[in-house]
Amino acid sequence: MAAPVLPNFIHSNQYKTLRDTLWPADDNLVKGDDEPPALSSRTETLIPKDQWLFPSKKSGSDAMDVDDTDTDGDFDGEIEGEDPNNGEDGEGDEGPAEIRYINLKAHEVFAVGKLRAEVDLRGAKATFVVRHEYVLFMKHALRRLSHPPNDSFRGRFFVTGKSLGCYYFLFYLLALGQSVFFLDAPDSVLYFSRDGVQKTRETLDTDDVTREALRNSWVLIDVDDNTDWTPPLIVNSARCVIWTSSPRESRSTFFTKRFGAEVWYMKPWSSKEVAAVTARLDIEHDEVLSRFNAGGPIARSLWGDMPVPTTQTIDVAITGAIQANLFNFTPMNVEAGVKPIHRVYLVEPLVVVDEVSGRRRLQRTDYSAEFISVSIFHRVLHLAQENLEKVQSQLAAALNTSTTRSVAGKVFEGIMHHTLTRGMQLPAIFGPDTVAGTLMLIGKAEDFRVADTNDIAKKRPLYLRPESLNFAAVDAILVTSNKLGLLQISLGSSHRRHFGTMLRIMSNLRRGARVDVGRLGEVIYCLVGINPESVQELVAEANRTLAKLKTLNAQELCKELGIRHTQIAYTKLSTFQVLGYTFDYKQGFTEAYGSPRIVAKSGSGPIASVGS
688 MAAPVLPNFI HSNQYKTLRD TLWPADDNLV KGDDEPPALS SRTETLIPKD
738 QWLFPSKKSG SDAMDVDDTD TDGDFDGEIE GEDPNNGEDG EGDEGPAEIR
788 YINLKAHEVF AVGKLRAEVD LRGAKATFVV RHEYVLFMKH ALRRLSHPPN
838 DSFRGRFFVT GKSLGCYYFL FYLLALGQSV FFLDAPDSVL YFSRDGVQKT
888 RETLDTDDVT REALRNSWVL IDVDDNTDWT PPLIVNSARC VIWTSSPRES
938 RSTFFTKRFG AEVWYMKPWS SKEVAAVTAR LDIEHDEVLS RFNAGGPIAR
988 SLWGDMPVPT TQTIDVAITG AIQANLFNFT PMNVEAGVKP IHRVYLVEPL
1038 VVVDEVSGRR RLQRTDYSAE FISVSIFHRV LHLAQENLEK VQSQLAAALN
1088 TSTTRSVAGK VFEGIMHHTL TRGMQLPAIF GPDTVAGTLM LIGKAEDFRV
1138 ADTNDIAKKR PLYLRPESLN FAAVDAILVT SNKLGLLQIS LGSSHRRHFG
1188 TMLRIMSNLR RGARVDVGRL GEVIYCLVGI NPESVQELVA EANRTLAKLK
1238 TLNAQELCKE LGIRHTQIAY TKLSTFQVLG YTFDYKQGFT EAYGSPRIVA
1288 KSGSGPIASV GS
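Residues are numbered in my numbering as their position in the sequence shown, beginning at 1, plus a constant of 687.
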């Protein structure tokens, strides 16, 4: 006797083999926290070599260079920046060294929907990467359902930055023996259950039979077109609803308001994941690097179906964004062709820092943005110079918002450097000089070198600009004949570990940039912004942090800053002075008065702070 069908549904052979392959033989839900064996047994692993992705060691953006190191405990080195790829909700989130994947040609039963095109295009090399991000989200969703945070929790998730994640969620749930409604187009619904697979091309009916089926099921929505389509409200009857989509504000707002959904931002593709797919598909490294430089770590740009954006396409997007507001990412004005997120910015989970422990963790419900690539950033700077009045008016708010602070700081530094190289005087603390030369720092704070070793390195004042989009603790370095300036623009709040990173930068300057810090007298930690009150607050906080560090004993200082040579740290910290300046591209630098300066006496023990 044929199994009953839902109203307006018919039995379907589409995906039936997939369902029969993964579904538990005894029809019982698979228990446990691990990936179901029916799925895990079909995956393979490889350990990719990703060094070729960077021109020098660890010089790529952390958007793709995943460190995944926990920040707690004693350690010998400082991890980079406020990297969204480090730490996860208070837990260690160490990405695996091995990358897992499903060989779609060997397991062609998985080549369904959008994955079918991979087999048609790649043949024996067709690959579905089981991203660690997919696994983390599934565990998160299952944990939230089994242990809801409160009585009002509904189990609704808006997942963005997902690539092909919805197919993994489908495979996982089928292997658990969990019934699923799968919406992969506005007019297509598949229903997987113990009775097989059913499908309909009509909107889900609001009858009692369908509603009861939904109550026992998960709903997966993989609709990401440019229409204003929204899920039918009846899916709110489901046990869990997941909508995977690009980061469109209108969608996430609708889903959170009408369905009570929780937003989950995924991390961008890591260098290991990029290298793994490149190796599997046997693509030339130079081609992937070229695509990455143009389109960033976006799967569909690197090896997918989306063409590499041209300079003209990118410039149109940037110019349109500047006219509207370069740092206003939403709503996406598709009709006007303004899609800054798509062409310019990489959306990542927001990093928050505990002010007591200094530990960083991901706040998956909020996002921050970074430039997709260094080349995109350079185009933004070039076009910003042509619209300085408009861009500077947009910067003040952007620097005070966690979502936009990083990209706004980079644009601000770029405008500042451009002005300095055209005769603008340096901040008064560095004397009445102008920049004599500029060098790019290749790499990251813990290991960098200058791009050129010619005579420019001997010029003073020398301006050092990090090439990396995620260079930690400082945005630029200024070297005069007797002072070292550590310039920071994108600071939201002064964290203790920034000083540890700055000490390591100072140690690396001799080897990496031929700058002998020992011959310089003062170290000026120079905080630059637009709003005087905001700069004063940051200076006061940095001074409080510095003063507290100077009261710690050797063991405490080592733990706090992640350093070994405490005496050297004491000596260097004694030379630090914190100053704040505002900057305007027409008027230059103005000291932001109102915060006390902390000057310290050097000594062999904890450093006494003088002044208040």
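Built from N, CA and C at the ideal position, the CB exists for glycine as well.
I need the straight-line Cα distance from residue i to residue j, nearest angstrom please.
| i | j | result |
| --- | --- | --- |
| Ile-1063 | Val-950 | 27 Å |
| Ile-1250 | Gln-1050 | 28 Å |
| Arg-938 | Glu-1057 | 21 Å |
| Asp-707 | Ser-866 | 13 Å |
| Arg-818 | Val-961 | 11 Å |
| Ile-789 | Asp-737 | 20 Å |
| Pro-934 | Leu-1190 | 38 Å |
| Cys-1213 | Asn-1230 | 12 Å |
| Gln-1079 | Phe-1099 | 8 Å |
| Arg-831 | Ala-1227 | 41 Å |
| Arg-1048 | Glu-889 | 43 Å |
| Val-910 | Asp-871 | 5 Å |
| Thr-897 | Ala-925 | 10 Å |
| Gly-1118 | Ser-1261 | 21 Å |
| Ile-970 | Val-1039 | 37 Å |
| Met-1111 | Thr-1121 | 6 Å |
| His-1104 | Gln-1223 | 22 Å |
| Val-1031 | Gly-883 | 44 Å |
| Leu-719 | Tyr-854 | For the sequence presented, residue 719 should be read as Gly rather than Leu. Cα to Cα, the separation comes out at about 21 Å. |
| Phe-845 | Lys-944 | 12 Å |
Assuming residue i and residue j make a contact with CB atoms under 8 Å, what is their CB distance in whole Å?
| i | j | result |
| --- | --- | --- |
| Leu-716 | Leu-863 | 6 Å |
| Tyr-1150 | Thr-1125 | 5 Å |
| Phe-1158 | Leu-1248 | Not quite, the Cβ-Cβ distance comes to about 18 Å (not below 8 Å), so this is no contact. |
| Val-995 | Gly-982 | 6 Å |
| Ile-929 | Thr-893 | About 21 Å; that fails the 8 Å criterion. |
| Ile-1102 | Ala-1071 | 6 Å |
| Glu-1035 | Lys-954 | 6 Å |
| Tyr-821 | Gly-800 | Incorrect: roughly 16 Å between the Cβ atoms, too far for contact. |
| Arg-1147 | Ser-1168 | 5 Å |
Just to confirm before moving on: does the CB-CB distance between residue i and residue j stay below 7 Å?
| i | j | result |
| --- | --- | --- |
| Leu-740 | Ser-977 | no |
| Ala-709 | Leu-861 | Checking the displayed sequence, the identity of residue 709 turns out to be Leu instead of Ala. Their beta carbons are under 7 Å apart, which means Leu-709 touches Leu-861 by this criterion. |
| Phe-869 | Leu-829 | no |
| Ala-1241 | Thr-1253 | yes |
| Glu-1209 | Gln-1175 | no |
| Phe-947 | Arg-841 | According to the sequence shown, residue 947 is Gly rather than Phe. In this structure, Arg-841 lies closer than 7 Å to Gly-947 by Cβ. |
| Gly-1216 | Leu-1068 | no |
| Leu-1107 | Leu-1178 | no |
| Ser-1155 | Lys-1131 | yes |
| Thr-730 | Lys-849 | no |
| Pro-873 | Trp-905 | no |
| Leu-733 | Ala-963 | yes |
| Val-975 | Leu-989 | yes |
| Arg-881 | Asp-1053 | no |
| Leu-1171 | Leu-1207 | yes |
| Thr-1258 | Pro-1219 | no |
Looking only at its chain, what residues have a beta carbon closer than 8 Å to the beta carbon of residue i, apart from the 5 residues adjacent to it on each side?
| i | result |
| --- | --- |
| Ala-1115 | Phe-1276 and Glu-1278 |
| Val-796 | Thr-704, Leu-705 and Thr-708 |
| Glu-1073 | none |
Counting along the chain, where does the beta strand (DSSP E) carrying residue i start and finish?
| i | result |
| --- | --- |
| Asp-737 | Run containing Asp-737: none; DSSP gives neither H nor E here. |
| Asn-790 | 786–790 |
| Lys-886 | 883–887 |
| Glu-949 | 949–952 |
| Tyr-1150 | 1149–1153 |
| Phe-815 | 814–817 |
| Thr-1106 | No beta strand (DSSP E) holds Thr-1106; the alpha helix (DSSP H) holding it covers 1092–1107. |
| Arg-1051 | 1047–1058 |
| Leu-1156 | Where Leu-1156 is concerned, there is no enclosing beta strand (DSSP E), given that its DSSP letter is neither H nor E. |
| Leu-1266 | 1263–1271 |
Starting from residue i, trace the alpha helix (DSSP H) in both directions and tell me its first and last residue.
| i | result |
| --- | --- |
| Ser-875 | Note, Ser-875: premise wrong, no alpha helix (DSSP H); beta strand (DSSP E) at 875–880. |
| Asp-807 | 803–809 |
| Leu-1086 | 1075–1086 |
What does a CB cutoff of less than 7 Å around residue i pick up in its chain, not counting 5 residues either side in sequence?
| i | result |
| --- | --- |
| Gln-1081 | Asn-1012, Leu-1013 and Phe-1014 |
| Ala-1144 | Leu-1126, Val-1137, Ala-1200 and Arg-1201 |
| Leu-791 | Phe-797, Ala-798, Leu-802, Glu-805, Val-806, Ala-813, Thr-814 and Phe-815 |
| Gln-885 | Val-692, Leu-693, Phe-696, Ile-697, His-698, Ser-699 and Tyr-878 |
| Thr-1006 | Leu-1070 |
Who are the Cβ neighbours of residue i in its own chain at under 6 Å, not counting the five residues just before and after it?
| i | result |
| --- | --- |
| His-972 | Trp-739 |
| Val-1166 | Leu-1149 and Val-1202 |
| Gln-701 | none |
| Lys-1273 | none |
| Ile-1059 | Gly-983 and Leu-1033 |
| Phe-858 | Leu-726 |
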